[in-house]
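Trainee: Here's a structure for you.
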Amino acid sequence: MLPLVKLVGANAGGHVGWATKRCRICSKSLVVGEDTVYQCSNCSTKYGAYFCSSDTKVLHHRCPYCKQPLEPAV
Numbered sequence: 043m044l045p046l047v048k049l050v051g052a053n054a055g056g057h058v059g060w061a062t063k064r065c066r067i068c069s070k071s072l073v074v075g076e077d078t079v080y081q082c083s084n085c086s087t088k089y090g091a092y093f094c095s096s097d098t099k100v101l102h103h104r105c106p107y108c109k110q111p112l113e114p115a116v
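Sequential numbering of the sequence shown, starting at 43, is according to our numbering.
Laid out in structure tokens, this is it:
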């Protein structure tokens, strides 16, 4: 009988690397679906601009790059 091998890294169960974003202002690690993540529809594709809820309040729900309103990321 072979011993059970625990998967590590990207193959491990529950790995959320594909759903992790970083806040552009405070560099907080955000998990899409667990944390409230805001994005600018224009700058998220250009710069990867995602923001946490506390920085979104400081920015008055406006993108600091293009001044468009921020939307929750789904």
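Idealized CB from N, CA, C, for every residue including glycine.
These numbers were taken from a predicted model, which means no experiment stands behind them.
Where do the ends of the alpha helix (DSSP H) carrying S96 lie?
Mentor: The sequence position of residue 96 within the sequence shown is 54, counting from 1. S96: member of the alpha helix (DSSP H) spanning S95 to V100, first to last residue.
Trainee: Within the same chain, show all residues whose beta-carbon is closer than 7 angstroms to that of P106, passing over the 5 residues directly before and after it, in chain order.
Mentor: In the sequence shown, counting from the first residue as 1, residue 106 sits at position 64. If we look at P106 and ignore the five residues flanking it on each side, it has no Cβ neighbours.
Trainee: Please name the residue or residues paired with E113 in a DSSP beta bridge.
Mentor: Residue 113 sits at position 71 when you count from the first residue of the sequence shown. Q81.
Trainee: Whose CA, out of T62, Q110, N84 and T87, lies closest to the CA of T78?
Mentor: Sequence index remark: in the sequence shown, residue 78 carries index 36 (1-based). Of the listed residues, the one whose Cα sits closest to T78 is T62.
Trainee: Between Y92 and R64, how many whole angstroms is the CB-CB distance? I'm expecting something under 8 angstroms.
Mentor: Within the sequence shown, the letter at position 50 stands for residue 92. Within the sequence shown, the letter at position 22 stands for residue 64. Confirmed, about 7 angstroms.
Trainee: Starting from S69, follow the beta strand (DSSP E) in both directions and report where the run begins and ends.
Mentor: Position 27 of the sequence shown, counting from 1, holds the residue named residue 69. Where S69 is concerned, there is no enclosing beta strand (DSSP E), given that its DSSP letter is neither H nor E.
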